[in-house]
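Undergrad: Protein chains in written order, with our numbering: chain S, 1 to 291; chain B, 292 to 1005. Positions of the beta carbon are idealized from the N, C-alpha and C atoms, including for glycine. Would you mind keeping the following structure in view while I ask a few things?
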């Protein structure tokens, strides 16, 4: 019951922060626009006066082939730019997480507390601690995404090397992926609680916070993990619904274009809202079990 | 060596098999020629434990040239997999890291040894044996071409009979051949003479990393001995299976006339399914009439024979049996209708054994397809590979160009043909991406494309590396080889089709195919057929697009429409005196006429001058009688068409009309598919917004999601 209750409380808490949600969406949108901007300028220069510009299906081979041909020499630079943007955004979120968790945990002041000043104050207050946690998490992610799947491959090598059909490879490959994903969710879980511990206890020593997170999860492992997985399941269901419905929206006509744009941004909002729910539900669960 | 009498005797011995296809079919287009250059009888024994072959081979080769021949060169292709010093692996190591072939693991190398070679009279040719390496750069360690010398030359018209013995270690899972567990695909496996070319000697290249094959037409009888639980498939028709030389072993005999290679496969897991392509059921009377009209031939000349279709398929793919046969039937039908009837009795389609590295490869009357575990309906897999590999039976199998030297003549022709067949039989193909081995197309509606679109998209980007007409092993790397000889060559042929018109191109292809069946044409032969059938000299087309590395790109650089001024500034002679037309006077004149820009120009009875600048951005040029077509559409809906010979780097064309230009477009019919930039082929005076906004929103949401995914690791 406590798991469902915490999810319910988490949803309620996240839903009471529309201002924060909109702010996060705007940050995401502006950042994405900055990334897309140069590409858009490029396309506009090439296609802004062309009949081809009227039919820009994302995978229209006519213009895609042209673009690859003309800009193939720029591909390394474009990839570097994209990687830099992603890295920068990651760091930005290390910063923003402090504000998100800090404001979500501040039950007294509700939505008003999501005012930019307080939000940014929390961002700054926890940034270095969260940055150290982030660096620590990289080790765990490396284990989850590299070492464990690698070890699994080594263990299963006799099976894969002597596979009779492609089905064996299919299942083993998927098993490895599923294991990696579950491990990633565990790392998420551990570091989410570590951040919550930092904020709730004002813990300055991140290793202590990490230890506390381990201790907390260790005592109620399946419940803590199931809470996280249930939210993930909800997110995946929402994503499936979005993708399923999106494919029925044609690229022709202003109405459909507008509707698709709204629908796509609604999905981004849903994504951000889910992120807030992770924090608020887990914080609620931590609060209900740690005292 | 034997002379003609000897040849007749030997044919009596070897020629026990009936040339059934030639005898049974009344249609001349379907007949097999009588006299191949070569005759083979091969006995091969598969050792499943040791993964080896032991074979004996009788060869009769007839000298059909006008010069005496004193040696013979053989391909020993499996020595390419003997060690890392072979030309194959040396070239692979120098290739793009993206496509480098892996060296076999310890114990997995393959090789072939000719243990005995002698003339039919018993004279041993062994002492004359030597490995030759003629291709540049020379790789001294290569042993894929063996030469023997005759004591007496084979005179023109005479023949020579040889008997060889060979032992081979089957490589594990390398290019096109190999074994995995007890599944075997055996291609390029027997000592095979090259092609003797008058004045040039033996055309017998090494096994290269980027190349396929070339050999002479022959009659084959092959006896394959395998364990009795194996299902065997091979080129040609199986004419018998009986007890082998040892208990628990079976010998299968296959025969086929007029093919230039022989491949076989053995696997105890194969499901063997046979069906018949019944022409009367597959092709309607209307289709025959339409094809005959298209090709300008009588209906009887385009009628198709029935063909026995044999499928060897892995049990885990049994649900795809119907898809395999449907695709093969479509291929037999359209290749047959368009290029000429399939001349053999059978075709064997092999779903390649797991991990034998043999998928998607052609051999005469047998080909390997390849499929996935999950195959969505909208995605033309395995259909694409089935149509393509069967099609090689036409372009390589029947019209047998030299794949070492002019690979585009089969790969490009067949890629072009595959696209046409798939478009006719299936329509659009959904793009396929997998997540966790599951195709997205099985869940979502994926974008759909035609082959010619994707071919063009990849073809335009490769032009700067190599000409299409390059020896296969001399391409910059495998990517350049592949994109040039497949995609770029096919795009050139699609462009040629649009230039000549579909009916003319259809007649060109038919004439070329039927004229060069069972022969070894070169590019010049095809160009000759194009010029003869079309009645136009298209040599420039091949020079420009296939022999060079020049990019083809014509575009509209600018479009400017201005109202024609009622007067211009300056001093004019008026009634014996001088009068200056000042700016003020002009403004006054314009105001009186109520002149405004736009559609009112017409009402004011005044013309607009539209200037369109066309540019040749690429180095390649249109030639012959071809022209760049320009269509200008004006705001009042009227159109004007002009042509430019395209020789210079630019052209300025002007149009005086009562309306401003709305659009200038070159090549409105999309003839120049080879054009590397379709975006600049049109210029809309009013900028496009909707398409760009749609693209922006798509791109934006992708970036937003990627960023948010990244943030989850924060």
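1. Can you give the Cα-Cα distance for residue 688 of chain B and residue 656 of chain B, rounded to whole angstroms?
2. Helix, strand or coil: how does DSSP classify residue 319 of chain B here?
3. Just reading off the beta strand (DSSP E) that residue 475 of chain B is part of, what are its end residues?
4. Between residue 20 of chain S and residue 119 of chain S, is the Cβ-Cβ spacing less than 9 Å?
5. Across which residues does DSSP place residue 547 of chain B in a beta bridge pair?
6. What's the gap between the Cα of residue 248 of chain B and the Cα of residue 161 of chain S?
7. Could you check if residue 946 of chain B is buried or exposed, using at least 16 other CB atoms within 10 Å of its CB as the buried criterion?
8. Which residues does DSSP pair with residue 805 of chain B in a beta bridge?
9. Jot down the residue ranges of each uninterrupted alpha helix (DSSP H) in the stretch 573-638 of chain B, minimum 4 residues, whole runs only, in chain order.
10. Are the C-beta of residue 605 of chain B and some C-beta of chain S separated by less than 9 Å?
11. Does any CB atom of chain S fall closer than 9 Å to the CB of residue 954 of chain B?
12. If the cut is a Cβ gap below 9 Å, which residues of chain S does residue 978 of chain B touch?
13. Which of the three DSSP states, helix, strand or coil, is assigned to residue 49 of chain S?
14. What do you get for residue 736 of chain B, buried or exposed, if any count of 16 or more other CB atoms within 10 angstroms of its CB means buried?
15. CA-CA distance, residue 274 of chain S and residue 124 of chain S?
16. State the CB to CB distance for the pair residue 250 of chain B and residue 565 of chain B, rounded to an integer number of angstroms; the pair is presumed to be in contact (CB under 8 Å).
17. With a threshold of 9 Å between beta-carbons, can residue 15 of chain S be considered close to chain B, or not?
18. Does residue 790 of chain B get closer than 9 Å to chain S when you measure Cβ to Cβ?
19. Name, going along the chain, the residues of the stretch 61-80 of chain S whose beta-carbon falls closer than 8 Å to a beta-carbon of chain B.
20. Looking at the unbroken alpha helix (DSSP H) that takes in residue 816 of chain B, where does it start and where does it end?
21. For a quick check, are the C-beta atoms of residue 361 of chain B and residue 444 of chain B less than 9 Å apart?
22. Which parts of the stretch 69-139 of chain S are runs of the alpha helix (DSSP H), unbroken and 4 residues or longer, counting only runs that do not cross its ends?
23. Can you list the residues of chain S that residue 494 of chain B reaches, using a CB-CB cut of under 9 Å?
24. In angstroms, rounded to a whole number, what distance separates the CA positions of residue 563 of chain B and residue 637 of chain B?
25. For residue 387 of chain B, return the contacting residues in chain S, with the cut-off set at a CB-CB distance below 7 Å.
26. Less than 9 Å separating the beta-carbons of residue 225 of chain S and residue 185 of chain S?
27. Span of the alpha helix (DSSP H) holding residue 737 of chain B?
28. Within the 9 Å Cβ cut-off, does residue 728 of chain B reach chain S?
29. Would you give the residue range spanned by the alpha helix (DSSP H) that residue 149 of chain S belongs to?
30. Would you identify the three-state DSSP class for residue 705 of chain B, choosing helix, strand or coil?
31. At 7 Å on the CB atoms, spell out the chain B contacts of residue 264 of chain S, in chain order.
32. For chain S, check one thing: does any of its Cβ atoms lie closer than 9 Å to the Cβ of residue 312 of chain B?
33. I'd like to confirm the pairing. Which residues does DSSP put opposite residue 494 of chain B in its beta bridges?
34. Cβ atoms of residue 187 of chain S and residue 152 of chain S: under 9 Å apart, would you say?
35. Exposed or buried, which one is residue 241 of chain B when buried takes at least 16 other CB atoms within 10 Å?
36. At 8 Å on the CB atoms, spell out the chain B contacts of residue 132 of chain S, in chain order.
TA: According to the structure shown:
1. As a position in the second chain, residue 688 of chain B is number 397, starting the count at 1. As a position in the second chain, residue 656 of chain B is number 365, starting the count at 1. Roughly 8 Å between the two C-alpha positions.
2. Within the second chain, the letter at position 28 stands for residue 319 of chain B. Any reading at residue 319 of chain B needs caution, since the residue's pLDDT is 48, under 50, leaving its predicted position unreliable; the model's value is listed next. Three-state DSSP puts residue 319 of chain B in a helix.
3. Along the second chain, one-based indexing puts residue 475 of chain B at 184. Where residue 475 of chain B is concerned, the enclosing beta strand (DSSP E) stretches over 474-477.
4. Indexing the first chain from 1 puts residue 20 of chain S at position 20. Indexing the first chain from 1 puts residue 119 of chain S at position 119. Taking 9 Å as the Cβ cut-off, residue 20 of chain S and residue 119 of chain S qualify as a contacting pair.
5. By 1-based counting over the second chain, the position of residue 547 of chain B is 256. BP columns for residue 547 of chain B point to B:511.
6. Not covered by the structure: residue 248 of chain B. The range shown for chain B is 292 to 1005.
7. For the purposes of this step, residue 946 of chain B is identified with residue 655 of the second chain, where counting begins at 1. So residue 946 of chain B counts as buried.
8. Here residue 805 of chain B is taken as the residue at index 514 of the second chain, counted from 1. Bridge partners of residue 805 of chain B: none, in fact.
9. Those alpha helix (DSSP H) runs which fall completely within the stretch 573-638 of chain B and span 4+ residues are 576-586 and 612-630.
10. The sequence position of residue 605 of chain B within the second chain is 314, counting from 1. Judged by the 9 Å Cβ criterion, residue 605 of chain B is in contact with chain S.
11. The count along the second chain starts at 1 and reaches residue 954 of chain B at position 663. True, the Cβ-Cβ gap to chain S drops below 9 Å.
12. Residue 978 of chain B sits at position 687 when you count from the first residue of the second chain. Per Cβ cutoff of 9 Å: 44, 48, 49 and 53.
13. Locating residue 49 of chain S in the first chain gives position 49, counting from the first residue. In the displayed model, residue 49 of chain S falls within coil according to three-state DSSP, outside both helix and strand.
14. Within the second chain, numbered from 1, the residue matching residue 736 of chain B stands at position 445. By the 10 Å Cβ count, residue 736 of chain B comes out exposed.
15. Counting from one through the first chain, the residue named residue 274 of chain S turns up at place 274. Counting from one through the first chain, the residue named residue 124 of chain S turns up at place 124. Near 23 Å, if we compare the C-alpha coordinates of residue 124 of chain S and residue 274 of chain S.
16. Since the first and last residues shown for chain B are 292 and 1005, residue 250 of chain B lies out of range.
17. Taking the first chain and counting its residues from 1, the one referred to as residue 15 of chain S is at position 15. Answer no: the Cβ-Cβ gap between residue 15 of chain S and chain B never drops below 9 Å.
18. Your numbering for residue 790 of chain B matches position 499 in the second chain. Not one chain S Cβ lies under 9 Å of residue 790 of chain B.
19. 61, 62, 63, 64, 65, 66, 68, 69, 70 and 72
20. What you label residue 816 of chain B is simply residue 525 of the second chain in a count that begins at 1. Run containing residue 816 of chain B: 814-825, per the alpha helix (DSSP H) assignment.
21. Here residue 361 of chain B refers to the residue found at position 70 of the second chain. Here residue 444 of chain B refers to the residue found at position 153 of the second chain. In this structure, residue 444 of chain B lies closer than 9 Å to residue 361 of chain B by Cβ.
22. 75-105
23. Walking along the second chain from the start, residue 494 of chain B turns up at place 203. Close partners of residue 494 of chain B in chain S (Cβ separation under 9 Å) are lacking, with about 36 Å as the shortest Cβ gap.
24. By one-based count along the second chain, residue 563 of chain B stands at place 272. By one-based count along the second chain, residue 637 of chain B stands at place 346. Each residue's CA atom was taken as its position, placing residue 563 of chain B and residue 637 of chain B some 14 Å apart.
25. Counted from its first residue, the second chain places residue 387 of chain B at position 96. Going along chain S, no residue has its Cβ under 7 Å from residue 387 of chain B, so there is no contact; the nearest lies around 14 Å.
26. For the purposes of this step, residue 225 of chain S is taken as residue 225 along the first chain, with counting starting at 1. For the purposes of this step, residue 185 of chain S is taken as residue 185 along the first chain, with counting starting at 1. Yes, the pair counts as a contact, with Cβ atoms nearer than the cut-off.
27. On the second chain, residue 737 of chain B is found 446 positions in, with the first residue counted as 1. In this chain, residue 737 of chain B is not harboured by any alpha helix (DSSP H), its DSSP state being neither H nor E.
28. Sequence index remark: in the second chain, residue 728 of chain B carries index 437 (1-based). Interface residue, yes.
29. On the first chain, position 149 is the one that residue 149 of chain S refers to. Per DSSP, residue 149 of chain S belongs to the alpha helix (DSSP H) from 148-161.
30. Position 414 of the second chain, counted from the first residue, corresponds to residue 705 of chain B. If DSSP states are grouped into helix, strand and coil, residue 705 of chain B belongs with the helices.
31. By 1-based counting over the first chain, the position of residue 264 of chain S is 264. Within chain B, the residues near residue 264 of chain S are 988 and 992.
32. Counting from one through the second chain, the residue named residue 312 of chain B turns up at place 21. Residue confidence for residue 312 of chain B is low, a pLDDT of 39 falling below 50, so the modelled location carries little weight; the figure read from the coordinates is stated next. So no, residue 312 of chain B is outside the interface.
33. If you number the second chain from 1, residue 494 of chain B lands on position 203. Paired residues: B:486.
34. For this step, residue 152 of chain S is matched to residue 152 along the first chain. For this step, residue 187 of chain S is matched to residue 187 along the first chain. Not a contact, by the Cβ cut-off of 9 Å.
35. A query on residue 241 of chain B cannot be resolved here, the shown segment of chain B reaching from 292 to 1005 and no further.
36. Locating residue 132 of chain S in the first chain gives position 132, counting from the first residue. Within chain B, no residue has its beta carbon less than 8 Å from that of residue 132 of chain S; the closest one is some 13 Å off.
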